[in-house]
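Heads up: the sequence shown at position 53 corresponds to 674 in my numbering, and the numbers run straight through without jumps. Note that the Cβ used here is the ideal one computed from N, Cα and C, for glycine as well.
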Amino acid sequence: MRQVTVVLANPRGFRANGRKLRNFMSSMPSTPVIEIRDLHKAYGTLQVLKGVSLNAQKGDVVSLIGSSGSGKSTLLRCCNLLEDSQQGEILFNGEAVRWKGQGGARQPADRAQVTRIRTNLSMVFQSFNLWSHMTVLQNVMEAPISVLRQDRAEVEARARALLAKVGIGDKADVYPAQMSGGQQQRAAIARALCMEPEALLFDEPTSALDPELEQEVIRVIKALASEGRTMLIVTHDMRLAADVSNHVIFLHDGRIEEQGPPASLFKTPQSARLRQFLSHSMVD
Ligand SMILES: Nc1ncnc2c1ncn2[C@@H]1O[C@H](COP(=O)(O)OP(=O)(O)O)[C@@H](O)[C@H]1O
Ligand SMILES: [Mg+2]
622 MRQVTVVLAN PRGFRANGRK LRNFMSSMPS TPVIEIRDLH KAYGTLQVLK
672 GVSLNAQKGD VVSLIGSSGS GKSTLLRCCN LLEDSQQGEI LFNGEAVRWK
722 GQGGARQPAD RAQVTRIRTN LSMVFQSFNL WSHMTVLQNV MEAPISVLRQ
772 DRAEVEARAR ALLAKVGIGD KADVYPAQMS GGQQQRAAIA RALCMEPEAL
822 LFDEPTSALD PELEQEVIRV IKALASEGRT MLIVTHDMRL AADVSNHVIF
872 LHDGRIEEQG PPASLFKTPQ SARLRQFLSH SMVD
């Protein structure tokens with residue numbers, strides 16, 4: 622048994638209301654699930670992250686917004702160590718990533734630590750990234766069996782339950798190409814959940830979808846938020862960010878230009894850049 626999910630750990634009365642739950646949990650002193658301190662990242666001579674810090678407590682939903690190229694995906698990928706960074710710290714449940722080398726030569730020092738962190742921060746990508754040669758069920762079961770070496774029967778039961786939970790319980794035996802984009806993305810979310818991660822990282826999960834399919838995925842993300850799951854969500858959808866997050870970060874040119882609770886950030890943005898960004902992004 623690896624870990625109890627956040628839902629089971631929550632006090633019962635708070636379960637129905639995600640925001641109340643998050644406020645309650647944020648008020649308790651605890652170690653953040655994800656903490657980033659002053660992170661710097663360059664691709665060659667291109668400085669992409671110029672000192673970014675963030676904090677996600679258990680149950681927090683943090684949205685990252687900003688123009689294309691501002692560094693949102695890079696930040697998410699640095700978080701689960703898919704990208705190396707040159708300076709700054711990344712902590713998972715209070716445990717700092719150990720590095721070897723410095724600057725451009727810096728790399729994680731401990732492969733086992735990297736695997737532990739990566740398997741606990743499941744990522745959902747814009748383009749789903751399902752394996753096309755595997756059925757939906759096989760996609761969902763693959764990592765828990767091959768990476769975590771869990772029992773096949775237990776994984777299958779969990780995978781089927783998760784597919785039902787995201788509303789595609791009848792699609793277990795089809796291949797990704799036989800499904801709509803919205804169904805594929807929900808399968809990708811079930812796949813991420815099947816790892817029983819501490820947190821979910823979403824990179825523009827609805828950007829590749831038509832508006833009506835977008836809604837099916839948004840419903841699933843909202844349900845996860847109301848369960849009190851810890852999530853970082855990169856999104857262009859300001860309504861989604863406003864609805865599900867308790868904290869929103871506006872990145873501009875590799876720096877945090879402004880951040881805060883969605884109510885104040887969207888209603889009374891302080892920075893001219895954020896005001897300008899929102900004037901192009903708001904749907905209504
Ligand atoms: N693998 C890469 N190699 C070189 N440059 C990259 C790479 N990935 C992203 N970049 C650059 O880093 C900057 C930030 O990209 P990204 O994090 O994808 O931004 P966002 O997700 O906010 O649109 C952009 O200028 C982009 O061109
Ligand atoms: Mg991106």
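Exercise. When every heavy atom of ligand 1 is checked, does at least one fall within less than 7 Å of the C-beta of residue 693?
Worked result: yes
For this session: Tell whether a beta-carbon distance below 8 Å holds between residue 818 and residue 805.
Result: no
Exercise. Based on Cα-Cα distance, which residue from 682, 743, 666 lies nearest to residue 702?
Worked result: 743
For this session: Assign residue 668 to one of three DSSP states: helix, strand, or coil.
Result: strand
Exercise. Taking 7 Å as the line, does the beta carbon of residue 831 fall inside it for any heavy atom of ligand 2?
Worked result: no
Exercise. Apart from the five residues just before and just after residue 765, which ones in its own chain have a Cβ nearer than 7 Å to its Cβ?
Worked result: 771, 776, 815, 816
Problem set entry | Beta bridge counterpart(s) of residue 677 as assigned by DSSP | 655
Problem set entry | Residue span of the beta strand (DSSP E) that contains residue 901, given as start and end | It is not in any beta strand (DSSP E) - residue 901 instead sits in the alpha helix (DSSP H) that spans 893-902.
Exercise. Since residue 871 sits in a beta bridge, which residues does DSSP pair it with?
Worked result: 686, 879
Exercise. For residue 673, which option in 837, 700, 749, 842 has the closest C-alpha, if you only look at C-alpha atoms?
Worked result: 700
Exercise. Closest by CA to residue 706, which one among 722, 713, 868, 715?
Worked result: 722
Exercise. At least one CB of chain D closer than 8 Å to the CB of residue 751: is that the case?
Worked result: Absent from the structure is chain D; it holds one protein chain and no more.
Exercise. Where does residue 626 fall in DSSP's three states?
Worked result: Because the pLDDT at residue 626 is just 37, under 50, the model does not fix this residue reliably, and the value given afterwards should be weighed accordingly. Coil at residue 626, not helix or strand.
Exercise. Quick one: is the Cβ of residue 824 within less than 7 Å of any heavy atom of ligand 2?
Worked result: yes
Problem set entry | Beta-carbon proximity check, residue 780 vs residue 758, cutoff 8 Å | yes
For this session: Take residue 728 as the anchor and find which of 720, 734, 860 has the nearest alpha-carbon.
Result: 720
Exercise. With 16 as the cutoff for other CB atoms within 10 Å, does residue 793 come out buried or exposed?
Worked result: buried
Exercise. Whose C-alpha, out of 669, 795, 813, is nearest the C-alpha of residue 876?
Worked result: 669
Exercise. From residue 812 to residue 760, what distance separates their C-alpha atoms?
Worked result: 7 Å
For this session: Keeping to the same chain, check which residues put their C-beta closer than 7 Å to that of residue 787; ignore five residues upstream and five downstream.
Result: 807, 810, 811, 841
Exercise. Can you tell which of 767, 896, 732, 713 has its C-alpha closest to the C-alpha of residue 741?
Worked result: 713
Problem set entry | Cβ-based neighbour list, residue 861, same chain, cut-off 6 Å, excluding 5 preceding and 5 following | 839
For this session: Grab me the residues of residue 745's own chain with a C-beta within less than 8 Å of its C-beta, minus the 5 sequence neighbours each way, in chain order.
Result: 806, 809, 810, 813, 821, 822, 823, 824, 826
Problem set entry | C-alpha gap between residue 894 and residue 856, whole angstroms | 17 Å
Problem set entry | Cβ-heavy atom distance, residue 828 to ligand 1, below 7 Å | no
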